[in-house]
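Here's the structure we're looking at; comments come further down.
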Amino acid sequence: MFPTDFELYKPFFVTGLALGGVYALSGVGIVVLYRATGVLNLAFGAIGAMGALISWTLINHTSFPDWASYLACIVFGGLVTFAYGVIFGPPLADRDPLVKAAGTLGLTLILLGLMSYLWPPFGRTMLLPTSNYSYHVGFAGVDVTQTQIIGLAFGVLVTFLVGAFLRFTKLGTAMRALADDREITSTLGVPVRRVEAAAWLGSGLIAGAAGLLLSDLVGLDAVNLTFLVISSLAAALIARLRSLVATMVAGLAVGLCTALLTPILFWPNASFPVAKYQYASPFVIAIVALLFLARRRVVTVARTEG
Amino acid sequence: MPARGVRRGVDSGAARARSVSPETVVRAILIGGALAFVLFALPVLLSTYWIKVLTAVAIFAVVALGLNVLFGRAGLVSLGQIALLAVGGWIAARFLFLTSLPFPVVLLLAGLLTAAVGTLLGLPALRLSGLHLALITLMFAGVVAIVVPTTNFPNGGSGVLGHTESSLGSLAIRRPSIAHSDEAYFRYTVIVAALMFLLALAHVSAKAGRAWSAIRHSEPAALAAGVNITLYKLYAFTLASFMTGVAGGLYAGNVGKLYSYQFSGARTIDSVSLMAVVLMGGIFSLWGAVVAAVLQQLLPALLNDWFAFFRENPDFLFVIFGVGLLQVLVTAPEGLVTQFPRDMRNLGRLIIKPFRRRSGAAKGPP
Chain A
2 MFPTDFELYK PFFVTGLALG GVYALSGVGI VVLYRATGVL NLAFGAIGAM
52 GALISWTLIN HTSFPDWASY LACIVFGGLV TFAYGVIFGP PLADRDPLVK
102 AAGTLGLTLI LLGLMSYLWP PFGRTMLLPT SNYSYHVGFA GVDVTQTQII
152 GLAFGVLVTF LVGAFLRFTK LGTAMRALAD DREITSTLGV PVRRVEAAAW
202 LGSGLIAGAA GLLLSDLVGL DAVNLTFLVI SSLAAALIAR LRSLVATMVA
252 GLAVGLCTAL LTPILFWPNA SFPVAKYQYA SPFVIAIVAL LFLARRRVVT
302 VARTEG
Chain B
4 MPARGVRRGV DSGAARARSV SPETVVRAIL IGGALAFVLF ALPVLLSTYW
54 IKVLTAVAIF AVVALGLNVL FGRAGLVSLG QIALLAVGGW IAARFLFLTS
104 LPFPVVLLLA GLLTAAVGTL LGLPALRLSG LHLALITLMF AGVVAIVVPT
154 TNFPNGGSGV LGHTESSLGS LAIRRPSIAH SDEAYFRYTV IVAALMFLLA
204 LAHVSAKAGR AWSAIRHSEP AALAAGVNIT LYKLYAFTLA SFMTGVAGGL
254 YAGNVGKLYS YQFSGARTID SVSLMAVVLM GGIFSLWGAV VAAVLQQLLP
304 ALLNDWFAFF RENPDFLFVI FGVGLLQVLV TAPEGLVTQF PRDMRNLGRL
354 IIKPFRRRSG AAKGPP
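These protein sequences, in sequence, are chains A and B.
The first sequence begins at 2 in the numbering used here and counts up by one.
The second sequence begins at 4 in the numbering used here and counts up by one.
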C-alpha cells in the first residue's frame, strides 16, 4: 500500500521538519566541536538525555520554577561537556581521531549507567509548555505546535549564528584556525586550551538544548535519546563533518525522510512493512552518502606515530 | 616504526622455522593444562548455572577475539560486532530449522555467510578513515537493532523468516548431537573457541599479521613496501566476521531460543560496551579477548551473585566499563593483559623495597 493521497503526508511534513531542525541543531553542535578540537562527541545524545531527565525530576519532584528546570537541562549539558573536555581533552589531544571518539563512548557508558540507576526505565513524558499552543496554518491545512516551530527555527537560527560567530568573532576565527592546523595556530599565540574549552562549552549547551527539545518531540527515554545522536551524526557525516549549512540541510532531509515514511505501511507488498523500518532511514541515508562521497581513493597519513 | 614492526615479524617467523624455543613449549604445556582443567574439571566442580555463564564467556571470547584482531592488528574499529553476532545467530538458527545438516557444518555456514555480510560492511573501510568506518559500523548496528524486532528470529515457523508468533508452534534451536547436556555443550563451545583462537594465532603470526601491522603503522609505507592494503583490510573484516558468525551459531545453540529484545534498539549499547571491554582487556594480545569476555559475561554474573545492588541495577556496570575505557585510553593503551602484571610487579617492588633497604643496611660495612 503506497498512499498517493497527499493529505496523508501533510502532518508528517510538520513533524519531519521539526525533528529535522533538532537533528540539524545537534549536527551543528557535533561539527563545531569536531572542527575545533578534533573530537567527535558520541556522548552528545546521552548528555542531552540526562539533562532532560534532570529537568523532568526538577519539574515533577521539586518546587523549582519550570523555566529554571529547563535551563538546568541546558546548563547541565554545558557543564558535563565542558568538564569532560577540560579533563580528557588534553591527554588525548595528539591521539588518533578514533581514540578521541572512543573516549566519548566511555562518557556515554558512564552516563547511560548512571541514568539507568537514577531513573529506572518507566514511562515518563516531557511536555514543554510550548506544546500547548498550536496554530492552524490555513493555506497548508495543518496544525503546528510552538515546540515544533522552535525545533525548526532553533536549528536554522543556530546554524547561521554559529556560522556568523565562526566568521566574524576573534574566538570563532581562532576555532577555524585550530580546525586547519593546531600546531601553527598555537605558534601564532592562540591559547589553544582555552579556545577548545570554549568549543566544548558551546557544544555542550547545544547538546542540552537538543536533548530538551527531543524529549518533547520524540519521548523521554534515556536509551532512545542516547542513540538518537546517530541520526544527527548521519547529518554531520553527509556534510563530511565540515560545512555547517550542509549539516543543517542534511539534518532537515533526514528528519523529513524519517517522518514521511510513517504513512507508508507496506510497500511494495504486504511482506515489507516500510513504516516499521522508518527509523533505520537516517542510517541508510548516511551509509549511502558516505559511500558516494568517498568514491575517490584516499591514502590516509597518520599525523602522529605512536 | 612500520619497518621495525615488519622486520620483527620476519625475524620471529624465521626463528620459529629453525627451532621451537623452550619458552614456547612451556607456554603450550601451560595452555594445554589450563584447557584440560576447563574441559574436564570445571563441569564437575560447578553448578549448571555457572556452566551456562562460562559457556557465554567462551562464546563472547570469540566475539571479542574478532574485534581484538580487527582493532589491535589491522587498526580498524567496528562498533557493530554484536549486530553481526545477531546476524550469525539468525543464519545459524535458520539453517538448523531448515535443514538437518550437522551442527559443525551449520556453524561453518553461519561463519561464512556472516563473513560475507561483514566483508560488505568492510568495503567502506577501503576508502574511509578509521573514524568514518567506526561510524558506518555503528549505523549498521542501528539498522540491525531496528530490523530485528520486525523480522524476529527463526523458531521453527515457516516462510523465509521462519518465525511463528504462537508459543505452541515455536521450537528450541537444536544442539549438536554429541552435546545435548549443558556440560557437554560447554566443552563443545570451549573447543570451538580454542579452534578460533588457533585460527587467529595462525593469521597473526603469519603473513597476514605482518601486513596488518604494516598497515596499522602507516598506510603509505605499507603501500610502498608492496602490501596489498585493499586485500588485507578486507581480509581482517572477513576473518573477524567469520569468528563472530561462528560465535552467533554457538550462542543460538546455547540459549535455545533467540528473542529480538536481546538485540533490539536498547541493546545497541552492547556493541559499545564490547569495544570498551576489548580495549580494557588489551588489544595487542590475543589473551585480551579472554579478559574482555570475562569482564563482559562473568563479572556481571559474579556481581549479581555477590551484591544486591547489582541485581537491582544490572546496567550500573556500564559506569565501570566507561571509567575503565577512559582509564585505558588515557593511561594504559595496552590494556589489562599487559598493565596488570606490570602493576603487580611495581606493587611487589614497592612492598619489598623497605625490607631490602633494611637488609642492605645490615649487611653493609659498619
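Yeah, the Cβ is synthetic: ideal placement off N, Cα and C, and Gly gets one too.
Quick caveat: nothing in here was measured; it's all calculated off a predicted structure.
- Closest option to residue 140 of chain B, judged by alpha-carbon separation, among B:303, B:29, B:115 and B:244: B:244.
- Contact annotation for residue 104 of chain A against chain B: 329 and 332 [CB-CB distance below 7 Å, chain order].
- Residue 208 of chain A is positioned such that its CB atom lies no closer than 9 Å to that of residue 172 of chain A.
- Residue 27 of chain B sits in a helix when the DSSP states are folded into three classes.
- Residue 276 of chain B reaches chain A at 110, counting residues in chain order whose Cβ is nearer than 7 Å.
- Under the DSSP assignment, residue 181 of chain A falls in the alpha helix (DSSP H) whose first and last residues are 171-181.
- Approximately 36 Å separates the beta-carbon atoms of residue 37 of chain A and residue 150 of chain B; this is outside 8 Å, ruling out the contact.
- Here DSSP, grouped into helix, strand and coil, assigns residue 137 of chain A to strand.
- Within the model, the alpha-carbon separation for residue 79 of chain A versus residue 213 of chain A is close to 13 Å.
- Three or more beta-carbon pairs separated by less than 8 Å link the region 229-242 of chain B to the region 114-129 of chain B, which places the two stretches in contact.
- Scanning chain B for C-beta atoms nearer than 8 Å to the C-beta of residue 274 of chain A yields 153, reported in chain order.
- Of all residues in the region 133-152 of chain B, only 133, 134, 135, 137, 138, 139, 141, 142, 145, 146, 149 and 150 place a beta-carbon less than 7 Å from a beta-carbon of chain A.
- Per DSSP, residue 297 of chain B lies in no alpha helix (DSSP H) segment and is marked neither H nor E.
- Residue 144 of chain A is bridged by DSSP to A:137.
- Chain A places a beta carbon closer than 9 Å to that of residue 316 of chain B, counting this residue as a contact.
- A direct Cα-Cα distance of roughly 31 Å separates residue 255 of chain B from residue 112 of chain A.
- Using a CB distance below 9 Å, no part of the region 187-206 of chain B faces chain A.
- Taking C-beta atoms as the reference points, residue 88 of chain B and residue 304 of chain B fail to come closer than 9 Å.
- In the structure shown, the three-state DSSP call for residue 352 of chain B is helix.
- In this structure residue 197 of chain A is buried. Its beta-carbon is surrounded by 16 or more other beta-carbon atoms within 10 angstroms.
- Residues are counted here when their Cβ sits less than 7 Å from a Cβ of chain B; for the region 109-128 of chain A these are 109, 110, 111, 113, 114, 115, 117 and 118, given in chain order.
- Taking 9 Å as the cut-off, the beta carbon of residue 156 of chain A is found closer than this to the beta carbon of residue 21 of chain A.
- Against chain B, a Cβ distance below 9 Å from residue 95 of chain A picks out nothing, because the smallest value is about 12 Å.
- Among the residues of chain A, those whose CB is under 8 Å from the CB of residue 320 of chain B are 114, following chain order.
- The C-alpha of residue 36 of chain B lies about 18 Å from the C-alpha of residue 294 of chain B.
- Contact check for residue 223 of chain A against residue 239 of chain A fails: the beta carbons are separated by 9 Å or more.
- Listed in chain order, the positions of the region 116-130 of chain B with a beta carbon within less than 7 Å of a beta carbon of chain A are 127 and 130.
- Within chain B, 329 and 333 have C-beta atoms less than 7 Å from the C-beta of residue 89 of chain A, given in sequence order.
- With three or more CB-CB distances shorter than 8 Å, the region 282-299 of chain B counts as touching the region 67-83 of chain B.
- The beta carbons of residue 34 of chain A and residue 26 of chain A sit no closer together than 9 Å.
- One thing to note: residue 332 of chain B has its Cβ within 9 Å of the Cβ of residue 103 of chain A.
- A Cβ-Cβ contact shorter than 9 Å links residue 11 of chain A with residue 143 of chain A.
- In the structure shown, residue 168 of chain A adopts helical secondary structure according to DSSP, grouped into three states.
- Boundaries of the alpha helix (DSSP H) around residue 62 of chain A: 45-62.
- Between the region 152-159 of chain B and the region 93-101 of chain B there are three or more C-beta pairs closer than 8 Å, enough to call the two in contact.
- Distance from residue 95 of chain B to residue 259 of chain B at the Cβ level is roughly 12 Å; contact not present, criterion being Cβ atoms closer than 8 Å.
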